[in-house]
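The numbers in our numbering rise by one with no breaks, and the one at position 245 of the sequence shown is 247. Step one of this worksheet: look at the structure below.
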Amino acid sequence: MSTASADRDSLSSPASFDGSNPLAALIAQLDLLKEECSTENETAFISAVHQFLTFIRTYKDKKTFADFERSSLFLSYQRFFQPVVLRFTWLMEEKTFAYMIGRTLAGEQKLGDILGPHTRGAYERVSDLLQLVDFSRCESYAMMGCGKVPASLFYLHDWTSIPSLTGIERDPQALTMASQLVNSFELERIKIVEGDAANFDYGAFDVINWDPFATPRLAIMEQLAATARPDAVIILRDPFLTGTLAMESMLGLLDSRFHICAESEAYPGRFMLKHYILKKR
């Protein structure tokens, strides 16, 4: 019997669910969320993922979750929920794209004013970077895995004067949709380029945003270490606490060629992500 099977058997006994075993209660809650997120119905799927994201934002038992992360069961749950979150994010971006395309900016309106509700969190979560990074010195910024709606680039376009904002994307549909939005709003400071983040040359950029949706993360870290300039600022967006169920954390695997210069406050957003500012040693 595998270790994971043995762990599950130990958690499946009736005594495990009498309230005296918080780890068993956590597993039972996740199993229910897995079942609900497995639906093919789009409306039911979105509702189920909202429930999952509420769980990771509100679960308070840090000790039990840490025990779960160390167990042989954790990886199988992470492998289930990671593609679920990616599918959900793609759907939300498609809804935002449909909301934005064809609209125009009136007067002093900013892109954030017409973003719509579905990806507003991705736009607003960039706000803490203004306190962590001196963008007045930044001439060129790269966002790897910018997605169908490059909300973080829109935020920096709205609130900074960075001359060159580059979105790197390898998915053909996302590449097309992001480019359509940029062209539609005539955003001359933003350009969307086709590229694989794990093979991209980052030497031209002053600031590089390393997003958790850009994978494989270990290969990307190696590419950053190999090609980013010594003076470049690298923004690592990484999950913390229960957020590690939805996205792979790199903090504990950080290459010795990088050191952490600063980090954001723990932001209790729906994905439980923090920003870490890295530089090469």
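Ideal Cβ placement from N, Cα and C applies to all residues, glycine included. For clarity, every value in this text was computed on a predicted model and none was experimentally measured.
Buried or exposed (CB count within 10 angstroms, at least 16 for buried), residue i
{"i": "glycine 104", "result": "exposed"}
{"i": "aspartate 208", "result": "buried"}
{"i": "valine 184", "result": "buried"}
{"i": "lysine 276", "result": "buried"}
{"i": "valine 195", "result": "exposed"}
{"i": "leucine 75", "result": "buried"}
{"i": "alanine 100", "result": "exposed"}
{"i": "threonine 178", "result": "exposed"}
Inter-residue CB distance, residue i and residue j (contact presumed, cutoff 8 Å)
{"i": "leucine 220", "j": "arginine 191", "result": "Between arginine 191 and leucine 220 the Cβ distance is about 32 Å, and since that is not below 8 Å, they are no contact."}
{"i": "glutamine 84", "j": "alanine 248", "result": "6 Å"}
{"i": "lysine 281", "j": "cysteine 263", "result": "6 Å"}
{"i": "isoleucine 237", "j": "valine 87", "result": "About 20 Å separates the two Cβ atoms, so there is no contact after all."}
{"i": "threonine 162", "j": "phenylalanine 137", "result": "5 Å"}
Short Cβ contact (8 Å threshold) for residue i with residue j
{"i": "arginine 272", "j": "arginine 59", "result": "yes"}
{"i": "phenylalanine 57", "j": "leucine 117", "result": "no"}
{"i": "glycine 123", "j": "alanine 199", "result": "no"}
{"i": "proline 218", "j": "alanine 180", "result": "no"}
{"i": "leucine 174", "j": "glutamate 141", "result": "Looking at the sequence shown, residue 174 is not leucine but proline. Their beta carbons are not under 8 Å apart, which means proline 174 does not touch glutamate 141 by this criterion."}
{"i": "threonine 229", "j": "aspartate 203", "result": "yes"}
{"i": "asparagine 211", "j": "methionine 252", "result": "no"}
{"i": "glutamate 42", "j": "leucine 93", "result": "no"}
{"i": "proline 119", "j": "aspartate 63", "result": "no"}
{"i": "phenylalanine 260", "j": "alanine 216", "result": "no"}
Backbone CA spacing between residue i and residue j [nearest angstrom]
{"i": "serine 15", "j": "glycine 245", "result": "Confidence in serine 15 is poor, its pLDDT being 43 and thus under 50, which makes the residue's placement unreliable; the coordinate value appears in the next sentence. Roughly 28 Å separates the two Cα atoms."}
{"i": "isoleucine 279", "j": "alanine 234", "result": "10 Å"}
{"i": "glutamine 225", "j": "asparagine 201", "result": "6 Å"}
{"i": "lysine 150", "j": "lysine 193", "result": "13 Å"}
{"i": "alanine 26", "j": "alanine 68", "result": "13 Å"}
{"i": "phenylalanine 70", "j": "threonine 91", "result": "25 Å"}
{"i": "methionine 3", "j": "serine 73", "result": "The predicted model places methionine 3 with a pLDDT of 48, which falls under 50 and marks its position as unreliable, so this point remains unresolved."}
{"i": "alanine 17", "j": "isoleucine 29", "result": "The predicted position of alanine 17 is uncertain, since its pLDDT is 42 and thus under 50; a value taken from the coordinates is nonetheless stated next. Computed Cα separation, rounded: 14 Å."}
{"i": "serine 258", "j": "serine 154", "result": "28 Å"}
{"i": "glutamate 267", "j": "methionine 274", "result": "11 Å"}
{"i": "arginine 81", "j": "glutamine 53", "result": "18 Å"}
{"i": "alanine 176", "j": "leucine 107", "result": "22 Å"}
{"i": "methionine 223", "j": "histidine 159", "result": "26 Å"}
{"i": "leucine 113", "j": "glycine 197", "result": "25 Å"}
{"i": "leucine 255", "j": "leucine 77", "result": "16 Å"}
{"i": "aspartate 115", "j": "arginine 127", "result": "15 Å"}
{"i": "glutamate 96", "j": "serine 22", "result": "44 Å"}
{"i": "serine 12", "j": "threonine 66", "result": "Its pLDDT being 49, under 50, serine 12 is placed unreliably by the model, and nothing is read from it."}
{"i": "glutamate 265", "j": "methionine 102", "result": "32 Å"}
{"i": "leucine 55", "j": "lysine 36", "result": "12 Å"}
{"i": "proline 241", "j": "leucine 131", "result": "16 Å"}
{"i": "glycine 205", "j": "isoleucine 170", "result": "14 Å"}
{"i": "leucine 34", "j": "tyrosine 61", "result": "15 Å"}
{"i": "alanine 50", "j": "glutamate 38", "result": "6 Å"}
{"i": "arginine 139", "j": "arginine 172", "result": "28 Å"}
{"i": "tyrosine 125", "j": "glutamine 133", "result": "16 Å"}
{"i": "serine 40", "j": "glutamine 182", "result": "32 Å"}
{"i": "alanine 46", "j": "arginine 89", "result": "13 Å"}
{"i": "glutamine 111", "j": "tyrosine 79", "result": "42 Å"}
{"i": "tyrosine 285", "j": "isoleucine 48", "result": "No information on residue 285 is available, as it lies outside the stretch 3 to 283 that the chain covers here."}
According to DSSP, residues forming a beta bridge with residue i
{"i": "asparagine 211", "result": "Met145, Ile237"}
{"i": "serine 166", "result": "Ser142"}
{"i": "leucine 25", "result": "According to DSSP, which records beta bridges pairwise, leucine 25 is partnered with nothing at all."}
{"i": "tyrosine 278", "result": "Leu238, Glu265"}
{"i": "isoleucine 196", "result": "In the sequence as displayed, the identity of residue 196 is glutamate instead of isoleucine. Answer is Glu171, bridged to glutamate 196."}
{"i": "phenylalanine 260", "result": "Lys282"}
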